[in-house]
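K.L.:
Here you go, one structure.
Structure below.
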């Protein structure tokens, strides 16, 4: 069977934690290690099954790498996010991480 990129059975996005270079602070795709730029920065919705206490989709700060068969949603670690974002615990690829969620969204959803 051949699977085309438009096959509706494929996941459209993969949620991973962005890699942050400890030396120069560059944000990189966790799959291909390409440098991600501010133009790649978005606030996509994150499914509630990734967040500890969420019951609805919430938006989070993330870079989108479109160099792959599916979009890699590289969630930004809360430690490098601006002050208007707060840390929220998530389980990304089996590991607990703190991702950046806009403060009003975290308050509204009771994630603080």
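Residue numbers (our numbering): 3 to 114. Even for Gly, the Cβ is constructed at its ideal location relative to N, Cα and C.
For a minimum of 3 consecutive residues, which ranges assigned as the beta strand (DSSP E) are wholly contained in the region 59-101?
P.N.:
Listed in chain order, they are 64-67, 73-77 and 87-94.
K.L.:
Which residue comes first and which comes last in the alpha helix (DSSP H) that contains residue 109?
P.N.:
Residue 109 -> alpha helix (DSSP H) spans 105-110.
K.L.:
When the Cα atoms are used, what is the spatial distance from residue 74 to residue 58?
P.N.:
Taking the straight line joining both Cα atoms gives about 21 Å.
K.L.:
In chain order, what residues of the same chain have a beta carbon less than 8 Å from the beta carbon of residue 18, not counting five sequence neighbours either side?
P.N.:
Cβ within range, chain order: 32, 33, 74, 75, 76, 77, 94 and 95.
K.L.:
What are the partner residues of residue 114, as DSSP defines its beta bridges?
P.N.:
Residue 114 is not bridged to any residue.
K.L.:
Starting from the C-beta of residue 61, find all residues in its chain whose C-beta is less than 8 Å away, skip the five residues before and the five after it, and write them out in chain order.
P.N.:
Only 45, 46, 47, 48, 103, 104 and 107 meet the Cβ criterion.
K.L.:
Are residue 63 and residue 87 closer than 8 Å when you measure CB to CB?
P.N.:
Closer than 8 Å, so yes.
K.L.:
Name, in chain order, the residues that DSSP records as bridge partners for residue 45.
P.N.:
In DSSP, residue 45 forms no bridge with anything.
K.L.:
Check each candidate in 42, 37 and 52 and name the one with the smallest Cα separation from residue 100.
P.N.:
The shortest C-alpha separation from residue 100 is found at 52.
K.L.:
Just to confirm, are residue 16 and residue 72 a CB contact at a threshold of 8 Å?
P.N.:
Yes, the Cβ-Cβ distance between residue 16 and residue 72 is below 8 Å.
K.L.:
Among the residues of its own chain, which have a CB less than 6 Å from the CB of residue 83, if the five just before and after it don't count?
P.N.:
Contacts found: 63 and 102.
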